[in-house]
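J.: Numbering (numbering that gives the first Met the number 0), first residue to last: 0 to 171. Think of the CB as a built atom: it goes at the ideal place given N, C-alpha and C, for glycine as much as any other residue. These figures come from a predicted structure and were not determined experimentally.
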Amino acid sequence: MEISVTVNGREYRRDIEPRLLLVHFLRDTLGLTGTHWGCDTSNCGTCVVWLDEVPVKSCTVLAVMADGHRVRTVEGLADSDGLDAVQQGFIQCHGLQCGFCTPGMMMTARWLIDHNPDPSEEDIREAISGQICRCTGYENIVRSVRWAAEHEAARAEVSSETSETSESEVPA
Ligand code: FES
Ligand code: FES
0 MEISVTVNGR EYRRDIEPRL LLVHFLRDTL GLTGTHWGCD TSNCGTCVVW LDEVPVKSCT
60 VLAVMADGHR VRTVEGLADS DGLDAVQQGF IQCHGLQCGF CTPGMMMTAR WLIDHNPDPS
120 EEDIREAISG QICRCTGYEN IVRSVRWAAE HEAARAEVSS ETSETSESEV PA
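1. Run the proximity test for Gly103: is its beta-carbon closer than 6 Å to any non-hydrogen atom belonging to ligand 2?
2. From Arg12, Ile15, Val6, His150, pick the residue whose C-alpha is nearest to that of Asp83; which is it?
3. When a residue counts only if its C-beta is closer than 6 Å to some heavy atom of ligand 1, which residues count, in chain order?
4. Inspect the beta-carbon positions of Ala108 and Val73 and report whether they are closer than 7 Å.
5. What is the DSSP secondary structure of Val48, reduced to helix, strand or coil?
6. Quick check on the burial criterion: 16 or more other C-beta atoms within 10 angstroms. Buried or exposed for Ala77?
7. For ligand 2, is there a heavy atom less than 6 Å away from the beta-carbon of Phe89?
8. When you compare each of Thr164, Pro102, Gln87, Ile90 to Trp36 by their alpha carbons, which one comes out closest?
9. Less than 8 Å between the CB atoms is what I'm expecting for Val60 and Leu31, so what's the real figure, rounded?
10. What residues sit near ligand 2, counting only those whose C-beta is closer than 7 Å to one of its heavy atoms, in chain order?
11. Quick check: the segment 116 to 123 against the segment 50 to 65, are at least 3 beta-carbon pairs closer than 8 Å?
12. Quick check on Thr59: does DSSP put it in helix, strand or coil?
13. Measure from the alpha carbon of Leu20 to the alpha carbon of each residue in Gln130, Ser57, Val70, Leu111, then state which is nearest.
14. Determine whether the beta carbon atoms of Pro54 and Met105 lie at a separation below 7 Å.
15. Under 8 Å by Cβ, that's how I've got Gly88 and Gly8 pegged, so tell me the actual separation to the nearest angstrom.
16. Comparing alpha-carbon positions, which option in Val22, Cys100, Arg69, Val47 lies nearest Glu10?
Encoded structure:
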């Protein structure tokens, strides 16, 4: 059957088998291999993507269920301004070792910070509790997410100060 899915802002129309899982649609049909597939039991969470702004394990979703919907994958994190703060955080705080769990962790982290700009260590650990890092790098993953949240908060403060300053410089 034909489906139409908007992935990272781009619309894709493809004829697929109704039984195809979203993770395989992304990886094998669209070639977006940033989303990983790590288990057959819906446990590892390395396949996490956003479906209409909500993180889902893409191995538990049929591709046909995404028909007419929006999907965001790790390839959609960076934009024309550069890497997302979450990606920068993983670099700064060594949040990855082998990197296999990283795409899913980053998609969950991005969602968390969007909904809770100042997450505690506990909040972060709870958010990623459905995801497994086989390298057991949780300590640095938590630090990376905290770095991203703090970095974004600091950046937002600077930009609001800058806009206040430029507003006050505008002659009445
Ligand atoms: S691939 Fe393991 S939970 Fe989806
Ligand atoms: S960095 Fe290797 S699985 Fe998490």
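T.: Walking through what the data contain:
1. Stepping through the sequence shown from its first residue, residue 103 is reached at position 104. No, since every heavy atom of ligand 2 falls outside the 6 Å radius drawn around the Cβ of Gly103.
2. Within the sequence shown, the letter at position 84 stands for residue 83. Residue His150 is the option with its Cα nearest to Asp83.
3. Trp36, Gly37, Cys38, Ser41, Asn42, Cys43, Gly44, Thr45, Cys46, Lys56, Cys58
4. Within the sequence shown, the letter at position 109 stands for residue 108. Within the sequence shown, the letter at position 74 stands for residue 73. Cβ atoms of Ala108 and Val73: not closer than 7 Å.
5. Position 49 of the sequence shown, counted from the start, is the residue given in the question as residue 48. Of the three classes helix, strand and coil, the one that applies to Val48 here is strand, per DSSP.
6. As a working mapping, residue 77 is identified with position 78 in the sequence shown. Label assigned to Ala77: exposed.
7. Taking the sequence shown and counting its residues from 1, one reaches residue 89 at position 90. Phe89: no, Cβ never under 6 Å from ligand 2.
8. Taking the sequence shown and counting its residues from 1, the one referred to as residue 36 is at position 37. Here the closest residue by C-alpha is Pro102.
9. By one-based count along the sequence shown, residue 60 stands at place 61. By one-based count along the sequence shown, residue 31 stands at place 32. The Cβ separation is near 15 Å, so there is no contact.
10. Leu95, Gln96, Cys97, Gly98, Phe99, Cys100, Thr101, Cys132, Arg133, Cys134, Gly136
11. no
12. Taking the first residue of the sequence shown as 1, we reach residue 59 at position 60. Note: Thr59 maps to coil in three-state DSSP.
13. Looking up residue 20 in the sequence shown gives position 21. Closest by alpha carbon: Ser57.
14. Position 55 of the sequence shown, counted from the start, is the residue given in the question as residue 54. Position 106 of the sequence shown, counted from the start, is the residue given in the question as residue 105. Against a cut-off of 7 Å, the Cβ pair of Met105 and Pro54 comes out as no contact.
15. What you label residue 88 is simply residue 89 of the sequence shown in a count that begins at 1. What you label residue 8 is simply residue 9 of the sequence shown in a count that begins at 1. With 8 Å as the limit, Gly88 and Gly8 do not qualify as a contact, their Cβ atoms being about 23 Å apart.
16. Walking along the sequence shown from the start, residue 10 turns up at place 11. Checking every option, the nearest Cα to that of Glu10 belongs to Arg69.
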